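*Asks:* To convert a position in the sequence shown, counted from 1, into our numbering, add 1.
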Amino acid sequence: MRPTPMKRHLVKSALTAGAAFVALAACGTESKDGANEALGSKAAVPAPVKPVRKRDQGLPGMPPLLDPKDVYAADRPNRLSPVVKDFPSRVYVPNTESDTVSVIDPRTYEIIETIHVGRQPQHVVPSWDLKTLWVNNNRGHTLTPIDPRTGKAGKPVDVHDPYNLYFTPNGKYAVVMASLDRELVFRDPHTMERVKTVPVSCYGVNHADFSLDGRYFIVSCEFSGELLKVDTEKMTVIGQQKLPFDGAMPQDVKVSPDGKRFYVADMMADGMWVLDGDTFGRPTLLPTGKGTHGLYVSRDSREMYVSNRGEGTVSVFDFTQNRLTKKWHLPHGGSPDMGGVSADGKVLWLSGRYNSEVYAIDTRTGAQLARVKVGSGPHGLAVYPQPGRYSLGHTGIFR
Numbered sequence: 002m003r004p005t006p007m008k009r010h011l012v013k014s015a016l017t018a019g020a021a022f023v024a025l026a027a028c029g030t031e032s033k034d035g036a037n038e039a040l041g042s043k044a045a046v047p048a049p050v051k052p053v054r055k056r057d058q059g060l061p062g063m064p065p066l067l068d069p070k071d072v073y074a075a076d077r078p079n080r081l082s083p084v085v086k087d088f089p090s091r092v093y094v095p096n097t098e099s100d101t102v103s104v105i106d107p108r109t110y111e112i113i114e115t116i117h118v119g120r121q122p123q124h125v126v127p128s129w130d131l132k133t134l135w136v137n138n139n140r141g142h143t144l145t146p147i148d149p150r151t152g153k154a155g156k157p158v159d160v161h162d163p164y165n166l167y168f169t170p171n172g173k174y175a176v177v178m179a180s181l182d183r184e185l186v187f188r189d190p191h192t193m194e195r196v197k198t199v200p201v202s203c204y205g206v207n208h209a210d211f212s213l214d215g216r217y218f219i220v221s222c223e224f225s226g227e228l229l230k231v232d233t234e235k236m237t238v239i240g241q242q243k244l245p246f247d248g249a250m251p252q253d254v255k256v257s258p259d260g261k262r263f264y265v266a267d268m269m270a271d272g273m274w275v276l277d278g279d280t281f282g283r284p285t286l287l288p289t290g291k292g293t294h295g296l297y298v299s300r301d302s303r304e305m306y307v308s309n310r311g312e313g314t315v316s317v318f319d320f321t322q323n324r325l326t327k328k329w330h331l332p333h334g335g336s337p338d339m340g341g342v343s344a345d346g347k348v349l350w351l352s353g354r355y356n357s358e359v360y361a362i363d364t365r366t367g368a369q370l371a372r373v374k375v376g377s378g379p380h381g382l383a384v385y386p387q388p389g390r391y392s393l394g395h396t397g398i399f400r
């Protein structure tokens, strides 16, 4: 997201004034037992192979991988957890400049409700236990919970500078990407009470993804062009590097199905950085298109959809071939940003950041199925529900 004059003013203020935090109110709507229920049953999520043995699992408390060679094995088409199987299918679109969330019925491509939330909602994030959608009201300094069963918003919870939100793979913590505060804030995943604040020296923490074993995660720092490596259990930064491109502005982060590589979208380098997360060595750049922004894995774990916001296209990357195989062009252009894949895997939904619209794209042909007009500045939309046993956050990273 390119800084505006107002954002540059906020950046300067944040650097000089420091982080101010407010008291947190507990939601009290989710229980430990409810979180465990999110893992579902064998009937709902069939294991393609024998689960990895616990001693090989990695992060303590993390549910065993269904397939040690595919972190996305639980995300197959329509394999919904019992927790979400009765939720209505919806697309939730946060409009950053309208302070609203547009709710779209994906069957009709029509807006069925507009929810008023706090100032500058950036992302709609599924909770680890799949029961709640959290709207990140970045400048309103709150999280608005939405019940995906009813579509109704609950009482906002005070959280300072919640640009983005993630959850550790064991469900123990929520991790708030406090972009302007220059902090990673580990919180209780239900009440959002602060547990630990980790100051960072980079600027603009915004997106992340976790390693195959869950023991670390890679974070992009948008405004200083850097990457962080964070120990999940110790909640400490264990690595930091500057991207080898002048003016780099990293965005979305995704791990490969086999966990061997991380991909980092860069809207100024116009491509994806490819990184070995274990060694955290120097990454290489794969050009994809102007304004590379969002990264979304297909339901069969074979491909990744790459939104190029600056040119109105989506590039398709093949994991096995390790190369780009297709590029889809939106008719009449657009500004494809963040989004997600439908439960059946047939539709890619992306927000049109600068066009007050949302795009529905056929994942088999790349054809545009619909353009839906929404509020101003649509950003991190969530397609919900989606397959998976639990959520790692953002607009829907499921395992």
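C-beta: ideal position from N, C-alpha, C; glycine also. Because the structure is a prediction, the values reported are computed rather than measured.
Quick check: the Cα distance between residue 150 and residue 66, rounded to an integer number of angstroms?
*Replies:* One-based indexing of the sequence shown puts residue 150 at position 149. One-based indexing of the sequence shown puts residue 66 at position 65. Each residue's Cα considered, the two are about 27 Å apart.
*Asks:* How would you call residue 363, buried or exposed, if buried means at least 16 neighbouring beta carbons within 10 angstroms?
*Replies:* Counting from one through the sequence shown, the residue named residue 363 turns up at place 362. Burial call: exposed.
*Asks:* Out of 376, 381 and 286, state which residue places its alpha-carbon closest to the alpha-carbon of residue 273.
*Replies:* Numbered from 1 along the sequence shown, position 272 holds the residue referred to as residue 273. Answer by Cα proximity: 286.
*Asks:* Does the region 196–211 come within contact of the region 253–265, defined as at least 3 CB pairs closer than 8 Å?
*Replies:* Yes: at least three Cβ pairs fall under 8 Å.
*Asks:* For the beta strand (DSSP E) holding residue 125, just list the boundary residues, first then last.
*Replies:* In the sequence shown, the residue the question calls residue 125 occupies position 124. 122–127 is the span of the beta strand (DSSP E), which, as asked, contains residue 125.
*Asks:* Please work out which residues of its chain come closer than 6 Å, Cβ to Cβ, to residue 404, disregarding the five sequence neighbours upstream and downstream, and give them in chain order.
*Replies:* For residue 404 there is no data in the structure shown, the boundaries of the chain being 2 and 400.
*Asks:* Check residue 371 in the structure and name its three-state DSSP category.
*Replies:* The residue given as residue 371 occupies position 370 in the sequence shown. Of the three classes helix, strand and coil, the one that applies to residue 371 here is strand, per DSSP.
*Asks:* Between residue 351 and the rest of its own chain, which residues show a CB-CB distance below 8 Å, the 5 nearest in sequence each way excluded?
*Replies:* Taking the first residue of the sequence shown as position 1, residue 351 is located at position 350. Within the same chain, residue 351 has close Cβ partners 295, 308, 315, 337, 338, 339, 340, 359, 360, 362 and 382.
*Asks:* Below 8 Å, how does it come out for the region 82–89 and the region 129–143: are there three or more Cβ pairs, yes or no?
*Replies:* A contact exists between the region 82–89 and the region 129–143.
*Asks:* Is the region 369–379 close to the region 155–163, with three or more CB pairs under 8 Å?
*Replies:* No, the region 369–379 is not in contact with the region 155–163.
*Asks:* Residue 331 to residue 293, Cα distance in whole Å?
*Replies:* Numbered from 1 along the sequence shown, position 330 holds the residue referred to as residue 331. Numbered from 1 along the sequence shown, position 292 holds the residue referred to as residue 293. Rounded to the nearest angstrom, the two C-alpha atoms are 15 Å apart.
*Asks:* Tell me residue 309's beta-bridge partners as DSSP assigns them.
*Replies:* Here residue 309 corresponds to residue number 308 of the sequence shown, with the count starting at 1. Paired residue(s): 293 and 314.
*Asks:* What does DSSP give as the partner residues of residue 208 in its beta bridges?
*Replies:* On the sequence shown, residue 208 is found 207 positions in, with the first residue counted as 1. In DSSP, residue 208 forms a bridge with 221.
*Asks:* Out of 276, 319, 318 and 219, state which residue places its alpha-carbon closest to the alpha-carbon of residue 176.
*Replies:* Counted from its first residue, the sequence shown places residue 176 at position 175. Taking only the C-alpha atoms, the option nearest residue 176 is 219.
*Asks:* To the nearest angstrom, report how far apart residue 189 and residue 113 are at their CA atoms.
*Replies:* Indexing the sequence shown from 1 puts residue 189 at position 188. Indexing the sequence shown from 1 puts residue 113 at position 112. Each residue's alpha carbon lies about 32 Å from the other.
*Asks:* Alpha carbon to alpha carbon, what distance is there between residue 105 and residue 93?
*Replies:* Position 92 of the sequence shown holds residue 93. Position 104 of the sequence shown holds residue 105. So the alpha carbons of these two residues sit roughly 7 Å apart.
*Asks:* What does DSSP give as the partner residues of residue 383 in its beta bridges?
*Replies:* The residue labelled residue 383 in the question sits at position 382 within the sequence shown. According to DSSP, which records beta bridges pairwise, residue 383 is partnered with 93.
*Asks:* Is residue 227 buried or exposed, if buried means 16 or more other CB atoms sit within 10 Å of its CB?
*Replies:* The residue you call residue 227 lines up with position 226 of the sequence shown. So residue 227 ends up on the buried side.
*Asks:* Straight-line CA distance for residue 317 to residue 366?
*Replies:* Your numbering for residue 317 matches position 316 in the sequence shown. Your numbering for residue 366 matches position 365 in the sequence shown. If you take the alpha carbons of residue 317 and residue 366, they lie about 11 Å apart.
*Asks:* I need the straight-line Cα distance from residue 25 to residue 161, nearest angstrom please.
*Replies:* On the sequence shown, residue 25 is found 24 positions in, with the first residue counted as 1. On the sequence shown, residue 161 is found 160 positions in, with the first residue counted as 1. Below a pLDDT of 50, predicted positions are generally treated as unreliable, and residue 25, at 33, falls in that range; the measurement from the model is reported next regardless. Roughly 9 Å between the two C-alpha positions.
*Asks:* Which residue from 110, 107, 237 and 98 puts its Cα closest to that of residue 119?
*Replies:* In the sequence shown, residue 119 corresponds to position 118, counting from 1. The candidate whose alpha carbon is nearest that of residue 119 is 98.
*Asks:* Could you check how far apart the C-beta atoms of residue 169 and residue 233 are, in whole angstroms? I think they sit under 8 Å.
*Replies:* Within the sequence shown, residue 169 is the residue found at index 168, counting from 1. Within the sequence shown, residue 233 is the residue found at index 232, counting from 1. About 5 Å separates the two Cβ atoms, so the contact holds.
*Asks:* Taking the CB atoms as reference points, tell me whether residue 291 and residue 271 lie closer together than 8 Å.
*Replies:* Within the sequence shown, the letter at position 290 stands for residue 291. Within the sequence shown, the letter at position 270 stands for residue 271. Yes, the Cβ-Cβ distance between residue 291 and residue 271 is below 8 Å.
*Asks:* Assign residue 121 to one of two classes, buried (16 or more other C-beta atoms within 10 Å of its C-beta) or exposed (fewer than that).
*Replies:* As a working note, residue 121 is residue 120 in the sequence shown. The residue in question, residue 121, is buried, as its Cβ has 16 or more Cβ neighbours within 10 Å.
*Asks:* On the criterion of 16 or more Cβ atoms from any shown chain inside 10 Å, does residue 310 qualify as buried, or is it exposed?
*Replies:* Counting from 1 along the sequence shown, the entry for residue 310 is found at position 309. Answer is buried; the Cβ neighbour count reaches 16.
*Asks:* Over the uninterrupted beta strand (DSSP E) stretch that includes residue 284, give me the two end residues.
*Replies:* As a first step, residue 284 is located in the sequence shown; it is residue number 283 there, counting from the start. That residue, residue 284, is in no beta strand (DSSP E); it is neither H nor E in DSSP.
*Asks:* Could you tell me the boundaries of the beta strand (DSSP E) in which residue 349 lies?
*Replies:* Sequence index remark: in the sequence shown, residue 349 carries index 348 (1-based). It spans 348–353 - the beta strand (DSSP E) in which residue 349 sits, taken as one unbroken run.
*Asks:* Find the nearest neighbour of residue 257 within the set 289, 304, 147 and 171, judged by alpha-carbon distance.
*Replies:* One-based indexing of the sequence shown puts residue 257 at position 256. It is 304.
*Asks:* Restricting to Cα atoms, I'd like to know which of 384, 202, 289 and 333 is closest to residue 95.
*Replies:* Along the sequence shown, one-based indexing puts residue 95 at 94. If we check each option's Cα against that of residue 95, 384 comes out closest.
*Asks:* Keeping to the same chain, check which residues put their C-beta closer than 6 Å to that of residue 246; ignore five residues upstream and five downstream.
*Replies:* The residue given as residue 246 occupies position 245 in the sequence shown. Result list for residue 246: 270, in chain order.
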